[in-house]
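One structure is given here, and the rest of the page talks about it.
Residue numbers (our numbering): 1308 to 1578.
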């Protein structure tokens, strides 16, 4: 047990040794300032390029099925809302002004939306139609997803996955651990390095998304009605969006606590 514990600590050390401490965005009015650890060998440009390829494949598949919507009123609505939010992204990171942003609507019953690395946005009509989202609620969804991209949570997750594997192999090589010891090392590194940050990432996206929407002139209170709708929708078969963005009372409480911080930004934008 002692050697396994030491191995797990060595594993965590290996994970961190190839990382750079960064803060991908400014804190904003909501005060997001967690230091992030990224593998230096995995650059922002590399991750953006990798995701761009995957994004184009998704669009091609949707187009071949006749599901890629470029010109309907719904598509124009999503484009208009996203454009207002994208205009505020440089407030958190100036280089976002040079990103090759893309916004696409896919005609599907799927209740989902995402913004991948480099500003590649996909919104599904199912989310808009089934939940009867207002413009402000759509802005809350898009703001949250754009925040994930601004904070490079995708790159951060890839860095961790790569680091955990390095840690596992490094610890095993150093100590010759059996299967049980390796499982313990994996568990310690996973819980210590991955799970807490996963929860932190969701909170960061909530807060930055809230501020983006407020700066763009959308009522931040819509984030509360959005997540209430999401929570209700998950009572049956949970939609895909909820599998990675679970609603909870703590999430709503955190948003409610942050609304007073961004309300002046919303009021200024409305003027």
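Glycine is no exception: its CB is placed at the ideal position from the N, C-alpha and C atoms.
Other residues of its chain near residue 1440: CB distance less than 8 Å, five sequence neighbours each side excluded
1434, 1448, 1533 and 1536
Rounded to the nearest angstrom, what separates residue 1466 and residue 1380 at their Cα positions?
39 Å
Report the partner residues of residue 1344 according to the DSSP bridge assignment.
1328
How about the region 1340-1357 and the region 1519-1533: do they share at least three Cβ pairs that are nearer than 8 Å?
no
Could you please give the first and the last residue of the uninterrupted alpha helix (DSSP H) stretch that includes residue 1366?
1351-1371
Between the C-alpha atoms of residue 1408 and residue 1355, what's the straight-line distance to the nearest angstrom?
11 Å
Would you kindly report the start and end of the unbroken beta strand (DSSP E) that includes residue 1409?
1409-1413
Near residue 1375, what residues of its chain come up, given a Cβ to Cβ distance below 7 Å and the 5 sequence neighbours on each side ignored?
1366, 1369, 1411 and 1413
Quick check: what's the CA-CA separation for residue 1361 versus residue 1450?
22 Å
Enumerate in chain order the residues of its own chain whose CB-to-CB distance from residue 1454 is below 6 Å, with the five nearest sequence positions on each side excluded.
1512, 1515 and 1516
Relative to the C-alpha of residue 1421, which residue among 1446, 1523 and 1328 is closest?
1446
Quick check on this structure: which residue in 1557, 1508 and 1456 has the alpha carbon closest to the alpha carbon of residue 1359?
1456
With respect to the alpha helix (DSSP H) encompassing residue 1525, which residues constitute its N-terminal and C-terminal limits?
Taken as a continuous stretch (DSSP letters only), residue 1525 belongs to no alpha helix (DSSP H), as it is neither H nor E.
Own chain residues within Cβ distance below 8 Å of residue 1326, not counting five before or after:
1344, 1345, 1346, 1347, 1466 and 1470
Can you give me the C-alpha to C-alpha distance between residue 1335 and residue 1423, rounded to a whole angstrom?
21 Å
Buried versus exposed, by CB contacts within 10 Å (16 or more), residue 1308
Because residue 1308 carries a pLDDT of 42, less than 50, the predicted location of this residue cannot be relied on, and no value is offered for it.
Helix, strand or coil for residue 1423 per DSSP?
Strand, per DSSP.
How close, in whole Å, do the beta carbons of residue 1331 and residue 1522 come, if the pair is a contact with beta carbons under 8 Å?
Residue 1331 to residue 1522, Cβ: 18 Å. No contact.
Compute the beta-carbon to beta-carbon distance between residue 1403 and residue 1394, rounded to the nearest angstrom, for a pair I have assumed lies under 8 Å.
Wrong, their Cβ atoms sit about 10 Å apart, outside the cutoff.
How many angstroms separate the CA atom of residue 1285 from the CA atom of residue 1406?
This structure cannot speak to residue 1285, because the chain is shown only from 1308 to 1578.
Please classify residue 1558 as buried or exposed, where buried requires at least 16 other C-beta atoms within 10 Å of its C-beta.
buried
Please classify residue 1436 as buried or exposed, where buried requires at least 16 other C-beta atoms within 10 Å of its C-beta.
Exposed: under 16 other Cβ atoms inside 10 Å.
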